[in-house]
Amino acid sequence: MGEAALSWEFDILRFLTAAAAGLLLSFAGSIVQITGRNELASPSTLGMDGAAVFIIMLAYLLEGFGWSLGNLADTAFVIGLILSAGLWLMSRHTHWRSGGDFRVILLLGLSVNLFVGSLFAVMQFMAMAFNREFPEQLWFGRMQTLSPVGWGLSFFVWLPLLVFMIRHRQSWKALLLGVGQCRGLGVPVDKIVRGSLLLAFVATLWVVTQFGVFSFLGLLGPLLLRQLSRYRGSPWREMTDGAFLVGVLFALLDHVCFNLTFHGAEIPVGLPSALFGAAALVGLLWIRARKLVE
Amino acid sequence: MEEVMLHIKIDHSLLRSQLHWCVDMSLNGGICHRLAAPNGAGKTSFLEELKLHWPRLFPTTLLGFTDQAPLEPFQDLTVEAVMDVLWDITRHRHIHADWRTLAWWQESAVKSWWPRKVSQLSGGENQWVKILMMRSLECDVWIMDEPFQSLDQKRQTELWSLLQDWLTTGKYLLLVHHGDVPLHPQESWTLTPAVTGLSWARLP
Chain B
17 MGEAALSWEF DILRFLTAAA AGLLLSFAGS IVQITGRNEL ASPSTLGMDG
67 AAVFIIMLAY LLEGFGWSLG NLADTAFVIG LILSAGLWLM SRHTHWRSGG
117 DFRVILLLGL SVNLFVGSLF AVMQFMAMAF NREFPEQLWF GRMQTLSPVG
167 WGLSFFVWLP LLVFMIRHRQ SWKALLLGVG QCRGLGVPVD KIVRGSLLLA
217 FVATLWVVTQ FGVFSFLGLL GPLLLRQLSR YRGSPWREMT DGAFLVGVLF
267 ALLDHVCFNL TFHGAEIPVG LPSALFGAAA LVGLLWIRAR KLVE
Chain U
349 MEEVMLHIKI DHSLLRSQLH WCVDMSLNGG ICHRLAAPNG AGKTSFLEEL
399 KLHWPRLFPT TLLGFTDQAP LEPFQDLTVE AVMDVLWDIT RHRHIHADWR
449 TLAWWQESAV KSWWPRKVSQ LSGGENQWVK ILMMRSLECD VWIMDEPFQS
499 LDQKRQTELW SLLQDWLTTG KYLLLVHHGD VPLHPQESWT LTPAVTGLSW
549 ARLP
């Protein structure tokens, strides 16, 4: 028989960490949905989760060759940052056009997810063969207190995010109207979309490398927020206090998980968030399908 | 009003669609210019390119653009909400405090659309709303891609008077159409000849 136990402890640092992770995932979801004009776009569906997992695998392999920054999470994040910077520099010299190119990214994201899914099995086999511990981040998301280096590295997420948000503050609303309208009105839409995708990736990278994969949160957070009239038609609110609200709710869920043990093991918050998320997503899609039929 | 000429020169090759075009045209304020070319000539591609380069070419001028695609905001927004967004973005240009006070939004049929979701408008209603939105923004240049296509006869006539009113302000207007059919046979309007400094060519 299973044994569940409930205690009540409050770890403020862990609560803040979880709120930061939830906020970043909700923000990443909002930014890709608004710039891509697609409510099913999210860090998961665009393959950002998958790419971050791939980078963890890369860091895991490099650790095998003795190249590490001390822990796997930080190593993976730094590798991801270097790759992101390279991608950013490359994208500055390519002729990017949002709209058509965004559909290509969606397909590319699906391919990344499938590719990483297949690599996952190879990783499990290698860990078993070389008798190494399998990276926990690859299973499910679990909040933990960060190392000072981990917090220090988060500076590379928060600073560009704040600068980008404030710099384009007047343009977020315009993006609701579509790429064509934005271009006519002089909104640098292609630049914003490119920057948004990169920022969403870096935010997802930080969360996935430090804590693991939280499926659906980036997709559902913004969708649920838009059920409230306060956030409908207001991207700025959605990406600021809306993302903060999702972060706090996520931290509360983690707080419950932190205090609830099953057979002595803490329930990772990634587990219920994925289960509730999948159910809520099916519900939302069903409502959307009904509206379309009507 | 002093006549100012707007000179647009773009030479670009769209390798993906194997289309090469070179545009060198001048627009005069207060005159209805036409850009006429047959289907497949690349008119829409040119307009897309023009929109893309517009902020760089003319950073201080606001381009109003009415194309054939229906207005589809990201979320299910009402006409009023979409207009509020547009008004907010261009607020520094407006003399009126609120777009709701503008005459063309006060027409009873149009007023009844305010609370309606944009997705619930018919093709013609959607087109008319787009036209009114761009008219309200007081853009410097207005480019219209086949604006009469989805409109009934009453609205077509209204559009002509709206455009005439627009031109009296000395602003720039470019109508894009096929060129093989008259724009509006009922109206005896003096139009400029189709823009001549425009060449289209498919790459070999």
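Note that the protein sequences, when read in sequence, are chains B and U. For what it's worth, the numbering used here labels the leading residue of the first sequence as 17, then goes sequentially. For what it's worth, the numbering used here labels the leading residue of the second sequence as 349, then goes sequentially. Note that CB positions come from ideal geometry on N, CA and C, so glycine has one too.
(1) May I ask you to list, following chain order, the residues of the region 482-513 of chain U that have a beta carbon less than 9 Å from some beta carbon of chain B?
(2) Quick check: what's the CA-CA separation for Leu300 (chain B) versus Val285 (chain B)?
(3) Please tell me whether Ala445 (chain U) has its Cβ less than 9 Å away from any Cβ of chain B.
(4) On the DSSP letters alone, give me the boundaries of the beta strand (DSSP E) that Val524 (chain U) sits inside.
(5) Among B:Val229, B:Val209, B:Leu130, whose alpha-carbon lies nearest the alpha-carbon of Asp65 (chain B)?
(6) Taking the DSSP output, what are the residues bridged to Gly412 (chain U)?
(7) Of all the residues that make up the region 202-225 of chain B, which are near chain U by a beta-carbon distance shorter than 8 Å?
(8) Cβ of Leu235 (chain B) within 9 Å of Cβ of Gly293 (chain B)?
(9) Who does Cys273 (chain B) pair with in a DSSP beta bridge?
(10) Note down, in chain order, each residue of its chain lying with its Cβ closer than 7 Å to the Cβ of His440 (chain U), except the 5 sequence neighbours on either side.
(11) So, Phe496 (chain U) versus Gly200 (chain B), is the Cβ gap smaller than 9 Å?
(12) Closest to Ala385 (chain U) by C-alpha separation, out of U:Leu510, U:Ser374, U:Pro463, U:Glu494, would be which residue?
(13) Would you say Arg242 (chain B) faces chain U, with C-beta separation under 9 Å as the test?
(14) Whole angstroms are fine: how far does the CA of Leu192 (chain B) sit from the CA of Ile443 (chain U)?
(15) On a CA-only basis, which of U:His401, U:Leu411, U:Gly378, U:Gln454 is nearest Met482 (chain U)? Give me that one, please.
(16) Cutting at 7 Å between CB atoms, please list the residues of its own chain near Leu162 (chain B), excluding the five before and the five after it.
(17) Residues of chain U with CB under 9 Å from Gly194 (chain B), in chain order?
(18) Could you name the residues of chain U that Ala305 (chain B) contacts, counting a contact when the two beta carbons are closer than 9 Å?
(19) Identify the contact partners of Gly412 (chain U) in chain B, using a Cβ-Cβ distance below 9 Å as the criterion.
(20) Below 8 Å, is the gap between the Cβ of Arg306 (chain B) and the nearest heavy atom of the ligand MN?
(21) In chain U, which residues lie less than 8 Å from Gly182 (chain B) when you measure between Cβ atoms?
(22) Between Trp461 (chain U) and Val427 (chain U), how many whole angstroms is the CB-CB distance? I'm expecting something under 8 Å.
(23) Among the residues of its own chain, which have a CB less than 7 Å from the CB of Thr576 (chain U), if the five just before and after it don't count?
On the basis of the coordinates in this document:
(1) Residues of the region 482-513 of chain U with a C-beta less than 9 Å from any C-beta of chain B: Met482, Leu485, Cys487, Ile491, listed in chain order.
(2) Position 284 of the first sequence holds residue 300 (chain B). Position 269 of the first sequence holds residue 285 (chain B). Looking at the two C-alpha atoms, the distance is approximately 22 Å.
(3) Locating residue 445 (chain U) in the second sequence gives position 97, counting from the first residue. Not closer than 9 Å to any Cβ of chain B, the Cβ of Ala445 (chain U) fails to qualify, so no.
(4) If you number the second sequence from 1, residue 524 (chain U) lands on position 176. For Val524 (chain U), the uninterrupted beta strand (DSSP E) segment begins and ends at 520-525.
(5) Taking the first residue of the first sequence as position 1, residue 65 (chain B) is located at position 49. Ranking the options by Cα distance to Asp65 (chain B), first place goes to B:Val229.
(6) Sequence index remark: in the second sequence, residue 412 (chain U) carries index 64 (1-based). U:Trp490, per the DSSP bridge assignment.
(7) Answer in chain order: Gly202, Val203, Pro204, Asp206.
(8) Within the first sequence, numbered from 1, the residue matching residue 235 (chain B) stands at position 219. Within the first sequence, numbered from 1, the residue matching residue 293 (chain B) stands at position 277. Closer than 9 Å, so yes.
(9) For this step, residue 273 (chain B) is matched to residue 257 along the first sequence. The bridge partners DSSP lists for Cys273 (chain B) come to none.
(10) Counting from 1 along the second sequence, the entry for residue 440 (chain U) is found at position 92. Excluding residues up to 5 positions away in sequence, nothing lies with its Cβ nearer than 7 Å to the Cβ of His440 (chain U) in the same chain.
(11) For the purposes of this step, residue 496 (chain U) is identified with residue 148 of the second sequence, where counting begins at 1. For the purposes of this step, residue 200 (chain B) is identified with residue 184 of the first sequence, where counting begins at 1. No, the Cβ-Cβ distance between Phe496 (chain U) and Gly200 (chain B) is not below 9 Å.
(12) Translated into the one-based positions of the second sequence, residue 385 (chain U) becomes position 37. Minimum Cα-Cα distance from Ala385 (chain U) among the listed residues U:Leu510, U:Ser374, U:Pro463, U:Glu494 corresponds to U:Glu494.
(13) Walking along the first sequence from the start, residue 242 (chain B) turns up at place 226. Chain U contact via Cβ: present.
(14) Taking the second sequence and counting its residues from 1, the one referred to as residue 443 (chain U) is at position 95. Taking the first sequence and counting its residues from 1, the one referred to as residue 192 (chain B) is at position 176. So the alpha carbons of these two residues sit roughly 25 Å apart.
(15) Position 134 of the second sequence holds residue 482 (chain U). With distances taken between Cα atoms, Met482 (chain U) lies closest to U:Leu411.
(16) Taking the first residue of the first sequence as position 1, residue 162 (chain B) is located at position 146. Thr33, Gln226.
(17) As a working note, residue 194 (chain B) is residue 178 in the first sequence. Neighbours of Gly194 (chain B) in chain U, taken as residues whose beta carbon is under 9 Å from its own, are Ala417, Leu419, Glu420, Pro421, Phe422 in chain order.
(18) Counting from 1 along the first sequence, the entry for residue 305 (chain B) is found at position 289. Within 9 Å Cβ-Cβ: nothing; Ala305 (chain B) doesn't reach chain U, min ~15 Å.
(19) If you number the second sequence from 1, residue 412 (chain U) lands on position 64. Counting only Cβ-Cβ distances below 9 Å, Gly412 (chain U) has contacts in chain B at Gly200, Leu201, in chain order.
(20) Of the ligands one can find in the structure shown there are none, so the ligand MN has no counterpart to examine.
(21) Stepping through the first sequence from its first residue, residue 182 (chain B) is reached at position 166. As written in the sequence, residue 182 (chain B) is Ile, which differs from the Gly given in the question. The premise fails here: Ile182 (chain B) is roughly 17 Å from chain U at the closest Cβ pair, so nothing lies under 8 Å.
(22) What you label residue 461 (chain U) is simply residue 113 of the second sequence in a count that begins at 1. What you label residue 427 (chain U) is simply residue 79 of the second sequence in a count that begins at 1. 5 Å between Cβ atoms; contact.
(23) A query on residue 576 (chain U) cannot be resolved here, the shown segment of chain U reaching from 349 to 552 and no further.
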